[in-house]
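Novice: Chains as they are written, first to last, in full-length UniProt numbering: chain Z, 1 to 147; chain G, 1 to 397.
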Amino acid sequence: MKDHKPVVPGWFTTDDEDFRLLGTRCTACGTVFFPRQDTFCKNPACAGTEFEELKLSGRGTVWSYTNAGYRPPAPYVSDPDVEWVPFTIVAVQLAEEGMIVLGQAEPGITVDDLTVGAEVEIVPGVLYETEDQVFTTWKFKPTGASA
Amino acid sequence: MTREREVVVLGAGMHPWGKWGRNFVEYGITAAQAALADAGLDWRDIQYVAGADTIRNGYPGFVAGATFAQALGWTGARVSSSYAACASGSQAIANARANILAGLVDVALVVGADAAPKGFFAPVGGDRPDDPDWVRFHVLGATNPTYFGLYARRRIDLYGATVEDFAKVKVKNAKNGLHNPNARYKKAFTLEDVAASPVVADPLRLMDICATSDGAAAVVLCSKEFAAKRTTNPVRISAVSTVTPTFPSAVIEMPDIATDSSAAVQPNDLSFRASLAHAAYEEAGLGPEDLSLAEVYDLSTALELDWIEDLAICGRGEAEKLLRDGATEVTGRIPVNASGGLGSFGEAVPAQAIAQVCELTWQLRGQAGARQVANAKVGITANQGLFGHGSSIIVTR
Ligand SMILES: [Zn+2]
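(1) Would you please verify whether the beta carbon of ILE252 of chain G is less than 7 angstroms from any beta carbon of chain Z?
(2) Taking one C-beta from the region 362-374 of chain G and one from the region 211-218 of chain G each time, how about it: are there three or more such pairs within less than 8 angstroms?
(3) Residues of chain Z with CB under 7 angstroms from PHE62 of chain G, in chain order?
(4) Does any residue of chain G bring its CB to less than 7 angstroms from the CB of ILE89 of chain Z?
(5) Any residues in the region 226-240 of chain G with a beta carbon nearer than 7 angstroms to a beta carbon of chain Z? Which ones, in chain order?
(6) To which residues of the same chain is ALA227 of chain G closer than 7 angstroms at the C-beta, ignoring the five residues directly before and after it?
(7) Is it the case that the region 173-184 of chain G contacts the region 340-347 of chain G, given that we only count it when at least three CB pairs across the two stretches are under 8 angstroms?
(8) Using a beta-carbon distance below 7 angstroms, is ALA145 of chain Z in contact with chain G?
(9) Evaluate the contact criterion for the region 85-95 of chain G versus the region 380-392 of chain G: three or more CB pairs, one atom per stretch, below 8 angstroms.
(10) Mark GLY13 of chain G as exposed unless 16 or more other C-beta atoms lie within 10 angstroms of its C-beta, in which case mark it buried.
(11) Would you say the beta carbon of ASN43 of chain Z comes nearer than 6 angstroms to a heavy atom of ligand 1?
(12) At the level of alpha carbons, what is the spacing between ALA52 of chain G and THR31 of chain Z?
(13) Using 8 angstroms as the threshold, is the region 132-149 of chain G in touch with the region 269-277 of chain G, meaning 3 or more CB pairs across them?
(14) Return the CA-CA distance between THR244 of chain G and ASP260 of chain G, expressed in angstroms with no decimal places.
(15) Please find out if some non-hydrogen atom of ligand 1 comes closer than 6 angstroms to the beta-carbon of THR31 of chain Z.
(16) CA-CA distance, ALA279 of chain G and ASP106 of chain G?
(17) What residues in its chain sit with their C-beta under 8 angstroms from that of PRO6 of chain Z, if we drop five residues either side in the sequence?
(18) Is there at least one Cβ from chain Z nearer than 7 angstroms to ILE393 of chain G's Cβ?
(19) So what does DSSP say about ALA92 of chain G, is it helix, strand or coil?
(20) At the 7 angstroms Cβ level, is PHE247 of chain G part of the contact set with chain Z, yes or no?
(21) List, in order along the chain, the chain Z residues whose C-beta lies closer than 7 angstroms to that of THR259 of chain G?
(22) List, in order along the chain, the chain G residues whose C-beta lies closer than 7 angstroms to that of ALA74 of chain Z?
(23) Let me know if LYS170 of chain G comes out buried or exposed under the rule of 16 or more other beta-carbons within 10 Å of its beta-carbon.
(24) Can you tell me the Cα-Cα spacing of SER80 of chain G and PRO86 of chain Z, whole angstroms?
(25) Tell me the DSSP bridge mates of PHE12 of chain Z?
(26) Could you check how far apart the C-beta atoms of SER64 of chain Z and VAL116 of chain Z are, in whole angstroms? I think they sit under 8 angstroms.
(27) What is the DSSP secondary structure of VAL357 of chain G, counted as helix, strand or coil?
(28) What separation, rounded to the nearest whole angstrom, lies between the Cα atoms of LEU104 of chain G and ILE93 of chain G?
(29) I'd like the list of long-range same chain contacts for ARG365 of chain G, defined as Cβ closer than 7 angstroms, with 5 residues on each side in sequence excluded.
(30) For CYS358 of chain G, which option in G:PRO16, G:ARG5, G:GLU6 has the closest C-alpha, if you only look at C-alpha atoms?
(31) Would the beta-carbon of ALA77 of chain G fall within 7 angstroms of that of VAL220 of chain G?
(32) Does chain G have any CB closer than 7 angstroms to the CB of PHE34 of chain Z?
(33) Report yes or no: do the region 28-42 of chain Z and the region 64-80 of chain Z share at least 3 C-beta pairs separated by less than 8 angstroms?
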């Protein structure tokens, strides 16, 4: 079996049971960061330098969505010999964190399956594979509920 | 109006947009010479050269001001080079203006030129997980049109916009571009043409999205005293806004994969794009009701509609109505992209914001030919690029 490796280390849990994006929170002002921030706080009114890791919400609502009708250029990894199948990209609002996070939708989910305001959950997925490794990432999957 | 803070656009010039296959310096020199001729000046009269950088043409592109100065012939002029993504041209204008307003120089030349690659803009090479521009391509496959698609979809789901509205923007801008000798595409398009083009980033099709182009634009800026001896009807730059976003920025913007968090601090009422225009209005002492026309950064057709609202020309969700009513046509109440916009030009990154000012200059002088906006007195530009860069410039006469 191929070795599984996160596409970027430290950005999400490797536990498929409770899969979450991992961010950090400034202990001084409470601002949340994803991608994680570990050295300085981007709140101009805060001089915080201490950050704690936190799991971001496992569900959010669709802020918007689109797809990739054409093969994106490198450094996106795809096999140029395989016919291009558009993937869907979703911008998801996380209420508690007060932020919007982008991600690909699960394979098979098209723009017709989505609507602004619909609920999605964050699930583990595969970005691409090489001969000996599987690079994992996060994906969004509609729950069927509208928020 | 804050008249004492104005500089004059004494000359404007461009090299036509297209895919010419030549060096960006050639385009820049053509535009510079056209602007100098328009100003009635010799290159040796220029005291300050502000170049807008291109990052896709090697070292000469990173030091564009010096590259153009050397190509025109070293004269000992002061020089600067600016990179600010799509707002590079505006930052070059801002540099020249600041030097003139500070009384350090009387007259400056601003030049931006690009020779662009084909297809999507991609990040520069190498594995760089700390660079958001690399991350969004590698981890998400998120190109620039991805973001335009997200914004466009929101207009449909929130405001009831249709893909036909977006196509109408293309049809309008293509019609304007027909009359612009510097535009790349001088061809009329129909709604059916747009609908027949392939989907790039749903709901946007290929003809909704601006291409990349070669091109160059230049302006000669000077103090009012310098201009007084040379023109009786000066076109003036009354505001140059190049503000950053404010924390927390709540709209997902290129190249980020997440917004700032508003868990601790509430976002500003004004979005980043709206704040660019707001700062320009404040600086000029003018408001949207004073505008004769607007040149906005229609990287996509739908984005033109966002900009109309960001400029406070109408409320949120009302731009489609203006478009459908014909208000944004050259003959309408508030013409938008009379030049033909990026839809007719394609994007030549460091030249584009300067080209917007060229168009407003010609419009305000009454020299815009068949695309002339009647009695144009006040024009605004709006532009946004990656990494919190953007600009809005107000030109008056
Ligand atoms: Zn903080």
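Ideal placement from N, C-alpha and C gives every residue a C-beta, glycine not left out.
Specialist: The relevant details are as follows:
(1) For this step, residue 252 of chain G is matched to residue 252 along the second sequence. So yes, ILE252 of chain G belongs to the interface.
(2) no
(3) To locate residue 62 of chain G, count along the second sequence from 1; it is residue 62. The contacting residues do not exist; PHE62 of chain G stays about 22 angstroms from chain Z at best.
(4) In the first sequence, the residue the question calls residue 89 of chain Z occupies position 89. Chain G contact via Cβ: present.
(5) none
(6) Here the question's residue 227 of chain G lines up with position 227 in the second sequence. For ALA227 of chain G, where only same-chain residues beyond five positions count, the Cβ hits under 7 angstroms are VAL8, LEU10, PRO234.
(7) yes
(8) As a working note, residue 145 of chain Z is residue 145 in the first sequence. Judged by the 7 angstroms Cβ criterion, ALA145 of chain Z is not in contact with chain G.
(9) yes
(10) Within the second sequence, residue 13 of chain G is the residue found at index 13, counting from 1. Buried, because 16 or more other Cβ atoms sit within 10 Å of the Cβ of GLY13 of chain G.
(11) Taking the first sequence and counting its residues from 1, the one referred to as residue 43 of chain Z is at position 43. Yes.
(12) Reading the second sequence from its first residue, position 52 is the one you call residue 52 of chain G. Reading the first sequence from its first residue, position 31 is the one you call residue 31 of chain Z. Each residue's alpha carbon lies about 36 angstroms from the other.
(13) no
(14) Along the second sequence, read from residue 1 onward, the residue named residue 244 of chain G stands at position 244. Along the second sequence, read from residue 1 onward, the residue named residue 260 of chain G stands at position 260. Roughly 14 angstroms separates the two Cα atoms.
(15) Within the first sequence, the letter at position 31 stands for residue 31 of chain Z. Because some heavy atom of ligand 1 lies under 6 angstroms away, the Cβ of THR31 of chain Z counts as near it: yes.
(16) What you label residue 279 of chain G is simply residue 279 of the second sequence in a count that begins at 1. What you label residue 106 of chain G is simply residue 106 of the second sequence in a count that begins at 1. Going by the C-alpha atoms only, they are around 26 angstroms apart.
(17) For the purposes of this step, residue 6 of chain Z is taken as the residue at position 6 of the first sequence. PHE12, THR14, PHE135, THR136, THR137.
(18) To locate residue 393 of chain G, count along the second sequence from 1; it is residue 393. False, the Cβ-Cβ gap to chain Z never drops below 7 angstroms.
(19) Residue 92 of chain G sits at position 92 when you count from the first residue of the second sequence. DSSP places ALA92 of chain G in helix when its eight states are reduced to three.
(20) Sequence index remark: in the second sequence, residue 247 of chain G carries index 247 (1-based). True, the Cβ-Cβ gap to chain Z drops below 7 angstroms.
(21) Mapped onto the second sequence, residue 259 of chain G falls at position 259. Correct list: MET99, ILE100.
(22) Indexing the first sequence from 1 puts residue 74 of chain Z at position 74. Neighbours of ALA74 of chain Z on chain G, chain order: ALA122.
(23) Residue mapping note: residue 170 of chain G aligns to position 170 of the second sequence, counting from 1. Classification of LYS170 of chain G: buried, given that the 10 Å Cβ count is 16 or more.
(24) Residue mapping note: residue 80 of chain G aligns to position 80 of the second sequence, counting from 1. Residue mapping note: residue 86 of chain Z aligns to position 86 of the first sequence, counting from 1. Distance between the alpha carbons of SER80 of chain G and PRO86 of chain Z is about 43 angstroms.
(25) Counting from one through the first sequence, the residue named residue 12 of chain Z turns up at place 12. Partner(s): Z:LEU21.
(26) On the first sequence, position 64 is the one that residue 64 of chain Z refers to. On the first sequence, position 116 is the one that residue 116 of chain Z refers to. Between VAL116 of chain Z and SER64 of chain Z the Cβ distance is about 6 angstroms, and since that is below 8 angstroms, they are a contact.
(27) On the second sequence, residue 357 of chain G is found 357 positions in, with the first residue counted as 1. VAL357 of chain G falls in the helix class under three-state DSSP.
(28) Here residue 104 of chain G refers to the residue found at position 104 of the second sequence. Here residue 93 of chain G refers to the residue found at position 93 of the second sequence. LEU104 of chain G and ILE93 of chain G: Cα-Cα distance of roughly 15 angstroms.
(29) By 1-based counting over the second sequence, the position of residue 365 of chain G is 365. So the qualifying residues of the chain are VAL235.
(30) Reading the second sequence from its first residue, position 358 is the one you call residue 358 of chain G. Comparing Cα positions, the closest option is G:PRO16.
(31) Residue mapping note: residue 77 of chain G aligns to position 77 of the second sequence, counting from 1. Residue mapping note: residue 220 of chain G aligns to position 220 of the second sequence, counting from 1. For ALA77 of chain G and VAL220 of chain G, no; Cβs fall outside 7 angstroms.
(32) On the first sequence, position 34 is the one that residue 34 of chain Z refers to. For PHE34 of chain Z, the answer is yes, since a Cβ of chain G falls inside 7 angstroms of its Cβ.
(33) no
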